[in-house]
Each structure stands twice: as C-alpha cells, then as structure tokens.
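S.K.: Its first residue numbered 841, the sequence shown is counted upward by one per residue in the working numbering.
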Amino acid sequence: QVQLVESGGGLVQAGGSLRLSCAASVSISRIVFMSWYRQAPGKQRERVATIFSGGSTNYADSVKGRFTISRDNPKNTVTVYLQMNSLKPEDTATYLCYAQLQMGQNYWGQGTQVTVSS
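#1: So who's on the other strand from ASN916, going by DSSP bridges?
#2: Between which two residues does the beta strand (DSSP E) carrying SER867 extend?
#3: Which first and last residues belong to the beta strand (DSSP E) in which LEU844 is found?
#4: Cα separation between PRO881 and ALA933?
#5: Would you say the stretch 928–946 touches the stretch 908–917, given that touching needs at least three Cβ pairs under 8 Å?
#6: Cβ atoms of ARG885 and ALA900: under 8 Å apart, would you say?
#7: First and last residue of the beta strand (DSSP E) that includes GLN940?
#8: Would you kindly check if the distance between the Cβ of LEU922 and the Cβ of LEU860 is under 8 Å?
#9: Quick one: what's GLN923 bridged to in DSSP?
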C-alpha cells in the first residue's frame, strides 16, 4: 500500500508564497508521474502541475510562471514539492497529491488546505 502525505498548506496573503510537500512511500522506479491537483468548494478538481518519471513537467495555464513542481527521490521514497509564488485569492483550495504508478495503480493523498487572503 502506497501512502501519500501532503504538508505545507496554510493561510497566506495575496502575493505571498507557500511550498507544499508530498511524501510518497514508493520507489521512483514504480512511478509514471505525480501531480498536484486542487479543488475549491463548488468547483471541479483541477490538475495544477505534473512531473513525469523522466523529470519533465507541465502546468495548468492558470499557474504557469508562478508555480514550480520538483522532486527528490532518495531510496524507496519520493517527495514532490509545489513551490507557489505570487499567490492569488483564486488559488484558495484544497491541494491534493496524486501518484500514477506502473501496472495502472494510482493513489491520492488526503489534501492540504491553502487559503489566500486578499
């Protein structure tokens, strides 16, 4: 069983920064990609950023130039980060980590709340 544990959420003023972390109890060799999603009340879940096993990344248009996804992968664990700069009130949401593994397995974290005040 793979566990994804997010941390780093909180309350920040508009224009501020936060860094989210997602610790995954899995070897990098099993990962196809990992993503950050977000979901605000009454809105659809939105993919924010993805990092693939080879290290390439892509971002939602709404966060390009402001958010950066990165990864550390020491032995048998993977930590994915989401550096969020120039935060806006519309970035307020629960941020969830997602892992797509080999053999069609996928996992979600429990989420971490990000609130941006105007």
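Virtual Cβ for every residue (Gly too), placed ideally from N, Cα, C.
M.R.: Once the coordinates are examined:
#1: The residue labelled residue 916 in the question sits at position 76 within the sequence shown. Beta-bridge pairing links ASN916 to no other residue.
#2: For this step, residue 867 is matched to residue 27 along the sequence shown. Note, SER867: premise wrong, no beta strand (DSSP E); not H, not E.
#3: Sequence index remark: in the sequence shown, residue 844 carries index 4 (1-based). Boundaries of the beta strand (DSSP E) around LEU844: 844–847.
#4: Looking up residue 881 in the sequence shown gives position 41. Looking up residue 933 in the sequence shown gives position 93. Cα to Cα, PRO881 sits roughly 7 Å from ALA933.
#5: The stretch 928–946 makes no contact with the stretch 908–917; the number of CB pairs closer than 8 Å stays below 3.
#6: Residue numbering aside, residue 900 sits at position 60 when the sequence shown is read from its first letter. Residue numbering aside, residue 885 sits at position 45 when the sequence shown is read from its first letter. Pairing ALA900 with ARG885 gives a Cβ-Cβ distance that is not under 8 Å.
#7: Taking the first residue of the sequence shown as 1, we reach residue 940 at position 100. Where GLN940 is concerned, the enclosing beta strand (DSSP E) stretches over 933–941.
#8: As a first step, residue 860 must be located in the sequence shown, where it is residue number 20. As a first step, residue 922 must be located in the sequence shown, where it is residue number 82. Taking 8 Å as the Cβ cut-off, LEU860 and LEU922 qualify as a contacting pair.
#9: Within the sequence shown, the letter at position 83 stands for residue 923. Beta-bridge pairing links GLN923 to ARG859 and THR908.
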